[in-house]
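Residues -29 to -1, 1 to 296 (mature numbering (1 follows the signal peptide of the UniProt record, and there is no 0)) are what the sequence shown spells out, left to right. Ideal placement from N, C-alpha and C gives every residue a C-beta, glycine not left out. Here's the structure we're looking at; comments come further down.
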Amino acid sequence: MPPVINNSTMKTRILITFVLTISSFLAHSQNKTLQWINENSIPLVENSQSKNFSFLDSELNEKTILGLGEASHGTHEFYIQKAHIIKYLITNSNYRLLGFELTQTNISPINDYLQNGNGDLKTLMKSLMLYNAQEIFDLFQWIKEYNQGQTAAKKVVLFGFDSEDFWHDPLTRDKGMAEIIIKTQKSEASKAIIWSHNVHIAKDITMAEVEAMGGYLKQELGSKYYALGFDTYKGSVNVIAEGKITKHSFESAPDTFSGLFSKAKDGQIFISFNSKKSNPFTQTKNKITNIYSVWTNDRALPILPGSDFDAIVFIRETTASLIIE
């Protein structure tokens, strides 16, 4: 006769079957998403020439402002790829404004250097803390050399969109920064690139749970604002501790978007969420790496791809930026 199976044993078997079924479904779903990433992402390399970013022509068609984010303010590879993008857009797409998440007090003397050659760049950058980095120094030098061959109307203008007046109230800071960006862009009548943290350039409220700078820019510009986030899975990063810059190592959780992206065949990729092909990220929320200027134990925030960011540059392993001593 068949063995007698009590209710407890039956419930256990049903539960195990359910768990295995769900696990199999999730693994299949992740494999399909990973396949989509490998088929639709664009591989990048650190020493990429700026001309290799021609795919941005269609991505940024009819855009007025490009937000270039970063998962941290102290990452070498983010700075390098952002510099490549900036150089390409200045050279090929008539972008003439570059804004930094810094005060105009910090930026104005540097802009004077870029326009007229006044001052010593390393001295002018000393107050920039995490942005006092060799990668940004090299970008500024490139812009200065570019400007030397341009008429006044075609020179690249640097501006700061942060303000000490905003710092007492983080909830109004992003609105204030957006207002400065919009006012500057309109007065200069030029396409603009803004360099800031992912949390600020995001178009929706998924990350910060309040309206971010990118949200206000979207309200003003609609589809003419494009947000490009930057993400990583593991590595080292510079942060501020007790007024000094220190280096930390980190690794993100494997069940995040960062963990999924890290399994892609290429280590540095551009992923557009505006792809007309079937997009597995539609209405799918998960976390990416998030590191503030100061070190915190919680180093991830959720995003909704396509809503928060139009695209992401993902770099599997990153290193700390090169701070100028």
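Item                                                                                                                                                                                : Value
Would you be able to state if there are at least three C-beta pairs under 8 angstroms between the segment 187 to 201 and the segment 139 to 157?                                    : yes
Report the three-state DSSP secondary structure of isoleucine 295 (helix, strand or coil).                                                                                          : coil
Across which residues does DSSP place residue 331 in a beta bridge pair?                                                                                                            : Beyond the ends of the chain as shown, which are -29 and 296, falls residue 331; an answer cannot be given.
Could you check what DSSP says for histidine -2 in three-state terms: helix, strand or coil?                                                                                        : Low local confidence applies: a pLDDT of 46 at histidine -2 is under 50, so the model's placement there is unreliable, with the coordinate-based value given in what follows. If DSSP states are grouped into helix, strand and coil, histidine -2 belongs with the helices.
At what residues does the alpha helix (DSSP H) containing aspartate 83 begin and finish?                                                                                            : 75 to 87
Counting pairs of beta carbons, one from the segment 37 to 51 and one from the segment 81 to 91, are three or more of them closer than 8 angstroms?                                 : no
If you draw a straight line from the C-alpha of glycine 120 to the C-alpha of threonine 74, how long is it?                                                                         : 28 angstroms
Hey, how far is the Cα of tryptophan 166 from the Cα of glutamate 72?                                                                                                               : 6 angstroms
Which whole-angstrom value is the C-beta distance of leucine 68 and alanine 198, which I expect to be below 8 angstroms?                                                            : Leucine 68 to alanine 198, Cβ: 17 angstroms. No contact.
Using a Cβ-Cβ cutoff of less than 8 angstroms, which residues in the same chain neighbour valine 265 once the five nearest sequence positions on both sides are dropped?            : Val210, Ile211, Ala212
Taking all protein chains shown into account, decide if glycine 131 is buried (16 or more other Cβ within 10 angstroms of its Cβ) or exposed.                                       : buried
Answer yes or no: do leucine 101 and asparagine 77 have a C-beta to C-beta separation smaller than 9 angstroms?                                                                     : no
Is it right to say asparagine 224 is buried, meaning 16 or more other beta carbons lie within 10 angstroms of its own, or is it exposed?                                            : Note on residue identity: the sequence assigns alanine, not asparagine, to residue 224. Exposed.
Report the rounded CA-to-CA distance for aspartate 226 versus lysine 256, giving the unit in angstroms.                                                                             : 12 angstroms
CA-CA distance, glycine 238 and isoleucine 286?                                                                                                                                     : 6 angstroms
Are phenylalanine 241 and asparagine 250 touching if we call contact CB-CB under 9 angstroms?                                                                                       : no
Can you give me the start and stop residues for the beta strand (DSSP E) that valine 170 sits inside?                                                                               : No beta strand (DSSP E) holds valine 170; the alpha helix (DSSP H) holding it covers 169 to 172.
With respect to the alpha helix (DSSP H) encompassing isoleucine 151, which residues constitute its N-terminal and C-terminal limits?                                               : 141 to 159
Spatial neighbours of threonine 253 within its chain, please: CB distance less than 7 angstroms, with the 5 preceding and 5 following residues excluded, ordered by chain position. : Gly277
Would you kindly report the start and end of the unbroken alpha helix (DSSP H) that includes lysine 115?                                                                            : 105 to 119
Measuring only the C-alpha atoms, how far is serine 194 from phenylalanine 280?                                                                                                     : 12 angstroms
Are glycine 40 and glycine 147 closer than 9 angstroms when you measure CB to CB?                                                                                                   : no
Taking its Cβ as the centre, do 16 or more other Cβ atoms sit within 10 Å of threonine 267, making it buried, or is it exposed?                                                     : exposed
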